[in-house]
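Before any comments, here is the structure.
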Amino acid sequence: MSDDFTFEGWRRPDGRIGIRNHCLVLATVVCAAGAVREVGRRLPEVVAVEHPHGCGRGGPDIGLQLKTLAGLVQNPNIGGTVLVGLGCEPVSVGLLSSVIGDAGKPLKGIVIQEAGGSQKTADQVEAMTREMLSELAEMPRSPGTAADLTLALECGGSDTFSGMTANPAVGKAVDRLVAMGGTAILSETTEMIGALGPLFRRTENDEIAAQLKKMVDDQEAVTRQILGAFADRALAPGNVESGLSTIAEKSLGCIAKAGSAPIREVLEYAQRPSKQGLIVMDTPGYDAESMTGMAAAGAQAIVFTTGRGSPAGFPGVPVVKVSSNSDVYQRMSDDIDIDAGRVLSGMTLDEVGEEILSLLLRVCRGEKTKAEINRQDVFAIAQTHQAL
Amino acid sequence: MSARAIRIDVRDNVAVVVSDVEAGGSVRLDDGSHLTATQRVPRGNKIALAAIAAGDPIFRYGEEIGVATTDIARGDHVHTRNLGGRQ
Chain A
1 MSDDFTFEGW RRPDGRIGIR NHCLVLATVV CAAGAVREVG RRLPEVVAVE
51 HPHGCGRGGP DIGLQLKTLA GLVQNPNIGG TVLVGLGCEP VSVGLLSSVI
101 GDAGKPLKGI VIQEAGGSQK TADQVEAMTR EMLSELAEMP RSPGTAADLT
151 LALECGGSDT FSGMTANPAV GKAVDRLVAM GGTAILSETT EMIGALGPLF
201 RRTENDEIAA QLKKMVDDQE AVTRQILGAF ADRALAPGNV ESGLSTIAEK
251 SLGCIAKAGS APIREVLEYA QRPSKQGLIV MDTPGYDAES MTGMAAAGAQ
301 AIVFTTGRGS PAGFPGVPVV KVSSNSDVYQ RMSDDIDIDA GRVLSGMTLD
351 EVGEEILSLL LRVCRGEKTK AEINRQDVFA IAQTHQAL
Chain B
1 MSARAIRIDV RDNVAVVVSD VEAGGSVRLD DGSHLTATQR VPRGNKIALA
51 AIAAGDPIFR YGEEIGVATT DIARGDHVHT RNLGGRQ
């Protein structure tokens with residue numbers, strides 16, 4: 001089935017194609033969260049996104065916030081957006097709109113201090129959103145192929161089997177996607193510490209190898225600064241309980257998600273890839289921030305492996321959940337789409353990889369993932385400093 | 001009935017047990033060889049396939065995941081108390 005990787009999506013003016021056609025209602029600042037949430041309650045079909053950022057941040061973090069929010073608006077799964085601001089924040093509706101630029105997609109904005117408060121804002125946003133939803137419903141579909149797809153790779157709640165079952169099975173699917181001209185993004189720099197050797201052997205040239213080394217060395221230095229003597233065990237308690245002993249062991253299992261294709265580019269957080277094929281992005285190991293960076297770069301789907309059982313999804317971007325063991329799949333079948341634990345009882349990695357790719361194709365054709373059904377929308381922007 | 005352990009790469013000096021193994025329990029590798037667990041090894045944890053001297057590297061996935069922090073015997077449970085990261 002996955003040999004014919006074609007689907008009907010929504011071609012955006014920038015050439016990228018969405019596998020969803022969502023209307024996004026986005027808070028530019030934490031103070032707009034209440035109004036955004038209210039619109040989400042009134043119109044459950046919109047993707048309502050709030051976040052805890054606003055004032056008290058310096059330049060680099062304001063830059064990250066702008067780039068990430070603009071990237072989310074520009075994500076091809078988003079058909080149109082209503083921005084909701086307060087009126088006195090650094091990342092204002094006006095500034096964010098200018099960074100987004102003219103993407104040729106519907107974009108509206110409202111400022112709570114000018115609209116006369118939360119309820120009046122919610123009323124106006126609801127009206128704007130209803131109009132935008134009708135506009136989006138009229139948009140024609142266009143054919144897309146694997147070459148149009150950017151797949152984000154993520155793991156969360158890893159266990160000792162993740163690197164033997166779920167991650168290498170995802171790697172098989174990624175190899176096939178890349179062979180069909182598609183793009184996959186490996187992220188989570190913390191989970192590359194101790195795994196530079198095998199990553200180096202796959203870089204396309206020395207420049208990419210040098211970028212990758214600097215990225216991982218810098219992250220290792222930060223990790224050692226924060227965790228001190230515990231840096232080699234930069235693991236969550238659940239990781240250790242499951243049998244993982246060192247960060248290198250976790251990392252070597254983590255990078256198996258990326259299959260065996262050459263690494264063609266190294267990106268900053270939330271940066272849009274300029275090449276197709278396998279790409280590496282510098283993100284925290286923290287899954288919520290990592291998914292956000294890859295979605296802001298334009299990923300239309302995410303494959304997320306889990307050993308302990310993470311329910312996390314992402315607003316507007318379908319997340320396919322793959323478990324590393326059958327126990328967690330049976331315990332959390334509400335949240336997990338595919339059980340790669342069957343590799344331990346005789347299935348091959350190629351067979352599970354084929355299931356993942358087939359499901360991914362069905363998701364491109366409109367099938368909802370468990371995380372979409374559950375509306376498990378997790379959104380978190382990476383920051384470099386604490387709030388002031 | 002012996003428990004299965006999976007050795008991922010021929011370089012590996014540890015394997016991962018697929019089910020809980022009690023001390024004295026038999027562990028079977030996919031190549032048909034067996035070893036005896038000297039200690040309890042919980043499901044998903046690593047068992048030493050050979051004696052590993054303190055300071056020697058420990059391999060999984062064919063790559064170094066850390067070094068032995070104490071002498072490890074064949075059949076020992078390998079985890080945070082005897083395996084540390086390389087400084």
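Chains as they are written, first to last, in the working numbering: chain A, 1 to 388; chain B, 1 to 87.
For glycine and all other residues, C-beta sits at the position ideal for the given N, C-alpha and C.
The structure presented is a predicted model; accordingly, all values stated were derived computationally and were not measured.
Open item on the list: When you compare the CB positions of A312 (chain A) and V363 (chain A), do they come within less than 8 Å of one another, or not?
Closed with: Their beta carbons are not under 8 Å apart, which means A312 (chain A) does not touch V363 (chain A) by this criterion.
message: Please report the distance separating the alpha-carbon of H77 (chain B) from that of T36 (chain B).
response: Rounded to the nearest angstrom, the gap between the Cα atoms of H77 (chain B) and T36 (chain B) is 11 Å.
Would you mind telling me which residues of chain A sit closer than 9 Å to E22 (chain B), beta carbon to beta carbon, in chain order?
Chain A residues near E22 (chain B): none, gap ~16 Å exceeds 9 Å.
Would D30 (chain B) and G62 (chain B) qualify as a contact pair, given that the criterion is a beta-carbon distance under 8 Å? Cβ distance not < 8 Å, so D30 (chain B) and G62 (chain B) don't count as in contact.
>> Strictly below 7 Å CB to CB, what residues from chain B border D4 (chain A)?
In response: Near D4 (chain A) there are no residues of chain B at all, since even the closest Cβ is about 33 Å away, more than 7 Å.
**Request:** For the alpha helix (DSSP H) containing V266 (chain A), list its first residue and its last residue.
**Result:** Element bounds for V266 (chain A): not the alpha helix (DSSP H) but the beta strand (DSSP E), I263 to L267.
- Query: Under the rule that 16 or more other beta-carbon atoms within 10 Å means buried, what is G1 (chain B), buried or exposed?
  - Reply: For the sequence presented, residue 1 (chain B) should be read as Met rather than Gly. Of the residues assessed, M1 (chain B) falls on the exposed side of the cut-off, its CB having fewer than 16 other CB atoms within 10 angstroms.
TODO: Can you pull the chain A residues whose beta carbon is under 8 Å from the beta carbon of V16 (chain B), in chain order?
DONE: The answer, in chain order, is T160, F161, M164 and G243.
Enclosing beta strand (DSSP E) for L390 (chain A) [first to last residue]:
There is simply no residue 390 (chain A) to check, as chain A begins at 1 and stops at 388 in what is shown.
Under the three-state reduction of DSSP, which class applies to G59 (chain A): helix, strand or coil?
-> In this structure, G59 (chain A) counts as helix in the three-state DSSP scheme.
_E249 (chain A) at chain B interface by Cβ criterion, 8 Å_ = Yes, contact with chain B.
Helix, strand or coil at L83 (chain A) according to DSSP, with G and I counted as helix:
Here L83 (chain A) carries a strand assignment [DSSP, helix/strand/coil].
Which residues of chain A have a Cβ atom closer than 9 Å to the Cβ of L83 (chain B), listed in chain order? Using a Cβ-Cβ cut-off of 9 Å, L83 (chain B) is close to S245, T246 and E249 of chain A, given in chain order.
Can you pull the chain B neighbours of G197 (chain A), defined as C-beta to C-beta under 7 Å? Those within 7 Å of G197 (chain A) in chain B are E63.
Using only the alpha-carbon positions, how far apart do M1 (chain A) and G15 (chain A) sit?
Interpretation of M1 (chain A) is limited by its pLDDT of 48, a score under 50 that renders its predicted location unreliable; no figure is taken from the coordinates.
- request: Output yes if chain B places a C-beta closer than 8 Å to the C-beta of V25 (chain A); else output no.
  value: V25 (chain A) does not count as touching chain B.
Exercise for the section: List in chain order: all unbroken beta strand (DSSP E) runs of 3+ residues lying wholly within the stretch 309-336 of chain A. Expected result: Entirely contained in the stretch 309-336 of chain A, the beta strand (DSSP E) runs reaching 3 residues are, in chain order, 319-323.
*Beta carbon of I72 (chain B), beta carbon of E64 (chain B): below 8 Å?*
For the 8 Å CB-CB criterion, I72 (chain B) and E64 (chain B) do not form a contact.
Q | Proximity test, Cβ basis, 8 Å: T69 (chain B) and chain A | A | For T69 (chain B), the answer is no, since every Cβ of chain A falls outside 8 Å of its Cβ.
Could you tell me whether the Cβ of V174 (chain A) comes closer than 8 Å to any Cβ of chain B? Not an interface residue.
Does the distance from the CB of V49 (chain A) to the CB of L26 (chain A) come in under 8 Å? Against a cut-off of 8 Å, the Cβ pair of L26 (chain A) and V49 (chain A) comes out as a contact.
Using only the alpha-carbon positions, how far apart do A103 (chain A) and G293 (chain A) sit?
Within the model, the alpha-carbon separation for A103 (chain A) versus G293 (chain A) is close to 19 Å.
| Listed by chain order, chain B residues near V240 (chain A) by CB distance under 7 Å | Those within 7 Å of V240 (chain A) in chain B are T80.
Check your understanding: If you count every other CB in all the chains shown that lies within 10 Å of the CB of G85 (chain B), and 16 or more means buried, which is it?
Key -> Looking at its Cβ environment, which holds 16 or more other Cβ atoms inside 10 Å, G85 (chain B) is buried.
- Can you tell me the Cα-Cα spacing of Q211 (chain A) and V266 (chain A), whole angstroms? Take the alpha-carbon of Q211 (chain A) and the one of V266 (chain A): they are about 7 Å apart.
Exercise for review: Using beta-carbon positions only, say whether E153 (chain A) and A179 (chain A) come within less than 8 Å of one another.
Suggested key: A small fix is needed here, since residue 153 (chain A) is Leu in this sequence, not Glu. L153 (chain A) is not a Cβ neighbour of A179 (chain A), given a cutoff of 8 Å.
Could you tell me the distance, in whole angstroms, from the CA atom of G182 (chain A) to the CA atom of R74 (chain B)? Taking the straight line from one Cα to the other gives about 45 Å.
TODO: Starting from the N-terminal side, write out each stretch of the alpha helix (DSSP H) that is 4 residues or longer and does not extend beyond the stretch 101-182 of chain A.
DONE: With a minimum length of 4 residues, the continuous alpha helix (DSSP H) runs that stay inside the stretch 101-182 of chain A are 112-115, 118-137 and 166-179.
>> Distance cutoff 8 Å, beta carbons only. Does I47 (chain B) sit that close to anything in chain A?
In response: Interface residue (Cβ-Cβ distance to chain A less than 8 Å): I47 (chain B) is not classified as such.
Output the distance between the C-alpha atoms of L43 (chain A) and K108 (chain A), rounded to the nearest integer angstrom. Annotation: L43 (chain A) to K108 (chain A) spans about 17 Å, alpha carbon to alpha carbon.
Problem set entry | Cross-chain neighbours of G44 (chain B) in chain A, by beta carbon under 7 Å | Listed along the chain, the chain A residues whose CB falls inside 7 Å of the CB of G44 (chain B) are D159, T160, F161, S242 and G243.
Which residue marks the beginning of the beta strand (DSSP E) containing R362 (chain A), and which one marks its end? R362 (chain A) -> not in any beta strand (DSSP E); alpha helix (DSSP H) instead, spanning L349 to C364.
In angstroms, rounded to a whole number, what distance separates the CA positions of V174 (chain A) and G259 (chain A)? Approximately 6 Å between the Cα atoms of the pair.
> Using a beta-carbon distance cut-off of less than 9 Å, what residues from the stretch 331-357 of chain A approach chain B?
Replying inline: So the list reads L344 and S345, given in the order they occur along the chain.
Specify the secondary structure class of F200 (chain A) as computed by DSSP and reduced to three states.
-> F200 (chain A): helix per DSSP, three-state reduction.
Option in A:V303, A:T28, A:R176 and A:A236 with minimal Cα separation from G285 (chain A) | Relative to the Cα of G285 (chain A), the nearest Cα in the group A:V303, A:T28, A:R176 and A:A236 belongs to A:A236.
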